[in-house]
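Undergrad: The structure that follows is given in the form of structure tokens.
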């Protein structure tokens, strides 16, 4: 009996994530003596915070049983549209809300196609992924747009309480807010029911399609926020920013204990997984590993994570 | 009467839409730019698609069996890099052995995908998203992030995609691609395995009850598409003449999915034909050449491809819904007839 309890505790997602964080810190400090520097680690979170912010909204979408592969393209396209408008002479302060509207609109297109045609969202967003990036390419070609105003650039160098970078703060705040939304509100419970069994949810008068479109809009909105952040961090906009980011985002969400088929998940878990990815990538960067080797490691990590979660699932089904 | 029958048959075939689209685009572009109507432009279209066609056929097999593989571009790149490195070490390697190496590497990587999908029981898109990056990263590591120059690629390989080397007047690579298309066509329409692939895609539960091993089908399909990527890699080397790990096969999987979907293969599985895929590749080839010949910026290409894919899948969906309505209507009529 007691043994079973321990097993159930060990198999809980929060426990596995915490142990993964510990392992990644240990591996990182073994790999490089410069790794264990709090200031440096906090600063390196800013590079990936954009993707982490998308991953939070993505978690909610995946809990509702859908997926969006066009996130990185939405991020790029909203950044490219406003940088093009900025070139045309519009003030940046006005353009930030414009970017958010564009991102939501692109998300709404995904959501409407998915709910109206009942096609799998994987397939639809595989198409919009190349469409959105293609439009971004049409808009600004292969050159980069820069020369943004001084107040706009360098969000990664702004700190809260002189230590926590602003993007990281936003990430943590939203992780907590979404977690509260999921666990404490009626909306969150309904959302989980959509992912668990959308037919049952429909019969219990949950507007499944409305929920799904709203979540796609949310993911689009957060992708646009990430786009604005990346412009501010890089001081430029280009058609290939964030390319391949969907791999990191999906790895974070799945590593965070969200079930691929929906119905289970936590944004705090995703935030924890964000730190794992940051630690792993930072350690690799400190060891001077090339970008492509990092890509292989993250790709391999995704597969290992999937294997582990299916293993844990089968153990849980057997013993608990 | 026969003509009417043919027309009716044309209407029910999904490929006819693509043929119509090809004709419309061909005529429009030829009217804007008469050069498009020339033999040279046609050959350019033909040269564009051999390796895309071979990869798209693999993708079609996967989609028919209800899987999607987005690691095909990386598999192609991986095989190409391995062949290039072998050529660098042994410049006098016979071309047959090069083909065997490419095919071997491709099949192995495809097999790995299949094993992982069987093991993890998750959608193949997510798993191949992982292996896509894994394979490309490994490829960079083994090649040391350096390009394999054209001096390493023997003349005999490059000659395969040049004109005037065969009696038929088309490059050998085009012939290879067409022969493979025919073979895949025979495989999926005439053999038991082909029928099983369709059955597994159109209704997995029923197929399993009929004694078809879904795991076996998945392994075969993933290995086969890896095999085809290996052949694609040889055609790629022959066409491009050098292997740059940053570009070899990047984004190819999306173009392949586009070609397959345009060719009338349903993303829901169980529907698709080699002729449709061939036409899909032809359409993309024509658009590609049309973009460059009419002087539209090349940046439009990805956007146009993406748009066409979305239109194609949405149209196909409406077609399916219409078909389902037709069936229920016929059932109702039958029921009414019986009642009377």
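Protein chains in written order, with my numbering: chain H, 1298 to 1617; chain S, 4 to 343. Ideal Cβ placement from N, Cα and C applies to all residues, glycine included. Just so we're clear, the structure is a prediction, and the values are computed from it rather than from any experiment.
(1) Residue ranges of each alpha helix (DSSP H) run of no fewer than 4 residues wholly in the region 1460 to 1547 of chain H, ordered along the chain?
(2) List the residues of chain S whose Cβ lies closer than 7 Å to the Cβ of residue 1574(H), in chain order.
(3) When you check each C-beta in the region 133 to 148 of chain S against every C-beta of chain H, which residues fall closer than 9 Å?
(4) For residue 124(S), which residues in chain H fall below 8 Å Cβ to Cβ?
(5) Under the rule that 16 or more other beta-carbon atoms within 10 Å means buried, what is residue 2(S), buried or exposed?
(6) Against residue 129(S), what residues of chain H qualify as contacts under a CB-to-CB distance less than 9 Å, listed in chain order?
(7) Chain S beta carbons: is any one of them nearer than 8 Å to that of residue 1451(H)?
(8) For residue 1504(H), does the count of other Cβ atoms within 10 angstroms reach 16, so buried, or fall short, so exposed?
(9) Please list, in chain order, the residues of the region 310 to 330 of chain S that have any C-beta partner in chain H closer than 7 Å.
(10) For residue 63(S) and residue 260(S), I'd like the C-alpha separation in whole angstroms.
(11) When the Cα of residue 1605(H) is compared with those of 1300(H), 1317(H), 1382(H), 1578(H), which residue comes out closest?
(12) So the candidates are 195(S), 251(S), 284(S), 103(S); which of them puts its Cα closest to the Cα of residue 215(S)?
(13) One question on the structure: do residue 204(S) and residue 273(S) come within less than 8 Å of each other, judged by their Cβ atoms?
(14) If the cut-off is 8 Å on Cβ atoms, which residues from the region 1419 to 1443 of chain H count as contacting chain S, listed in chain order?
(15) Check distances from the C-beta atoms of the region 60 to 88 of chain S to those of chain H and list, in chain order, the residues that come in under 8 Å.
(16) So, helix, strand or coil for residue 1332(H), using DSSP?
(17) In this structure, what does DSSP give as the bridge partners for residue 1457(H)?
(18) For the region 104 to 123 of chain S, list every residue whose C-beta sits within 9 Å of some C-beta in chain H, in sequence order.
(19) Quick check on DSSP: helix, strand or coil for residue 26(S)?
(20) If you follow the alpha helix (DSSP H) that residue 303(S) is in, where does it begin and where does it stop?
(21) For a contact defined as C-beta to C-beta under 7 Å, what are the partners of residue 1595(H) on chain S?
(22) Name the two residues that bound the continuous alpha helix (DSSP H) containing residue 1591(H).
(23) Excluding the 5 residues flanking residue 1378(H) on each side, which residues of the same chain have their C-beta closer than 6 Å to its C-beta?
(24) CB residue 1331(H) to CB residue 1578(H), shorter than 8 Å?
(25) Is there a Cβ from chain S that is less than 8 Å from the Cβ of residue 1533(H)?
(26) Mind listing, in chain order, the continuous alpha helix (DSSP H) runs of no fewer than 4 residues lying wholly within the region 151 to 232 of chain S?
(27) Enumerate in chain order the residues of its own chain whose CB-to-CB distance from residue 1312(H) is below 7 Å, with the five nearest sequence positions on each side excluded.
(28) State buried or exposed for residue 1457(H), treating a residue as buried only when at least 16 other CB atoms are found within 10 Å of its CB.
(29) Return no unless some Cβ of chain C is closer than 8 Å to the Cβ of residue 208(S).
(30) If you run the structure through DSSP and keep just helix, strand and coil, what is residue 289(S)?
(31) For residue 245(S), go through chain H and note every residue whose CB falls closer than 9 Å to its CB, in chain order.
(32) Taking the straight line between their C-alpha atoms, what separation do you get for residue 140(S) and residue 1543(H)?
(33) Measuring only between beta-carbons, confirm whether residue 4(S) sits less than 8 Å from chain H.
(34) Which word fits residue 92(S), buried or exposed, when buried means at least 16 other C-beta atoms lie within 10 angstroms of its C-beta?
(35) Measuring alpha carbon to alpha carbon, tell me which of 135(S), 105(S), 122(S), 242(S) ends up nearest residue 161(S).
(36) Would you kindly work out how many angstroms separate the C-alpha atoms of residue 1421(H) and residue 1407(H), rounded to a whole number?
TA: Let me lay it out:
(1) 1463 to 1481, 1483 to 1493, 1495 to 1500, 1505 to 1531
(2) Stepping through the first chain from its first residue, residue 1574(H) is reached at position 277. Here the premise fails: no neighbours, minimum Cβ distance about 13 Å.
(3) 133, 134, 135, 136, 137, 138, 139, 140, 141, 142, 143, 144, 148
(4) Mapped onto the second chain, residue 124(S) falls at position 121. Here the neighbours are 1607.
(5) Residue 2(S) falls outside the range modelled here, since chain S spans only 4 to 343, and no answer is possible.
(6) Taking the second chain and counting its residues from 1, the one referred to as residue 129(S) is at position 126. Chain H residues near residue 129(S): 1364, 1419, 1547, 1551, 1557, 1599, 1603.
(7) Start at 1 with the first residue of the first chain, and residue 1451(H) comes out as number 154. Not one chain S Cβ lies under 8 Å of residue 1451(H).
(8) Here residue 1504(H) is taken as the residue at index 207 of the first chain, counted from 1. With fewer than 16 Cβ atoms within 10 Å of its Cβ, residue 1504(H) is classed as exposed.
(9) 310, 312, 313, 316, 317, 320
(10) Position 60 of the second chain, counting from 1, holds the residue named residue 63(S). Position 257 of the second chain, counting from 1, holds the residue named residue 260(S). Those two C-alpha atoms are separated by around 8 Å.
(11) The sequence position of residue 1605(H) within the first chain is 308, counting from 1. Answer by Cα proximity: 1317(H).
(12) To locate residue 215(S), count along the second chain from 1; it is residue 212. If we check each option's Cα against that of residue 215(S), 195(S) comes out closest.
(13) For the purposes of this step, residue 204(S) is taken as residue 201 along the second chain, with counting starting at 1. For the purposes of this step, residue 273(S) is taken as residue 270 along the second chain, with counting starting at 1. In contact: residue 204(S) and residue 273(S) (Cβ atoms closer than 8 Å).
(14) 1419, 1420, 1421, 1423, 1424, 1425, 1426, 1427, 1428, 1429, 1430, 1431, 1432, 1434, 1435, 1438, 1439
(15) 71, 73
(16) As a first step, residue 1332(H) must be located in the first chain, where it is residue number 35. In the structure shown, residue 1332(H) sits in coil (DSSP, three-state: anything other than H, G, I, E or B).
(17) Translated into positions along the first chain, residue 1457(H) becomes position 160. Note: residue 1457(H) sits in a beta bridge opposite 1461(H).
(18) 119, 122, 123
(19) By 1-based counting over the second chain, the position of residue 26(S) is 23. Residue 26(S): helix per DSSP, three-state reduction.
(20) Translated into the one-based positions of the second chain, residue 303(S) becomes position 300. Unbroken alpha helix (DSSP H) run through residue 303(S): 303 to 342.
(21) Position 298 of the first chain, counted from the start, is the residue given in the question as residue 1595(H). Near residue 1595(H) (Cβ distances below 7 Å), the residues of chain S are 136.
(22) In the first chain, residue 1591(H) corresponds to position 294, counting from 1. Element bounds for residue 1591(H): 1588 to 1616.
(23) Within the first chain, numbered from 1, the residue matching residue 1378(H) stands at position 81. 1399.
(24) As a first step, residue 1331(H) must be located in the first chain, where it is residue number 34. As a first step, residue 1578(H) must be located in the first chain, where it is residue number 281. Contact flag unset, no.
(25) Within the first chain, residue 1533(H) is the residue found at index 236, counting from 1. Not one chain S Cβ lies under 8 Å of residue 1533(H).
(26) 158 to 162, 175 to 193, 195 to 205, 207 to 212
(27) Here residue 1312(H) corresponds to residue number 15 of the first chain, with the count starting at 1. Once the five neighbours on either side are set aside, the close Cβ partners of residue 1312(H) are 1306.
(28) Within the first chain, the letter at position 160 stands for residue 1457(H). Flag for residue 1457(H) reads exposed.
(29) You won't find chain C in this structure, because its protein chains are H and S.
(30) Here residue 289(S) refers to the residue found at position 286 of the second chain. DSSP places residue 289(S) in helix when its eight states are reduced to three.
(31) Indexing the second chain from 1 puts residue 245(S) at position 242. Within 9 Å Cβ-Cβ: nothing; residue 245(S) doesn't reach chain H, min ~18 Å.
(32) Counted from its first residue, the second chain places residue 140(S) at position 137. Counted from its first residue, the first chain places residue 1543(H) at position 246. Between residue 140(S) and residue 1543(H), the C-alpha separation is close to 16 Å.
(33) Taking the first residue of the second chain as position 1, residue 4(S) is located at position 1. At residue 4(S) the pLDDT is 42, less than 50, meaning the model places this residue with poor confidence; the figure from the coordinates comes in the next sentence. So, not an interface residue.
(34) For the purposes of this step, residue 92(S) is identified with residue 89 of the second chain, where counting begins at 1. Residue 92(S) is exposed by the Cβ-count criterion.
(35) What you label residue 161(S) is simply residue 158 of the second chain in a count that begins at 1. Ranking the options by Cα distance to residue 161(S), first place goes to 242(S).
(36) Mapped onto the first chain, residue 1421(H) falls at position 124. Mapped onto the first chain, residue 1407(H) falls at position 110. If you take the alpha carbons of residue 1421(H) and residue 1407(H), they lie about 7 Å apart.
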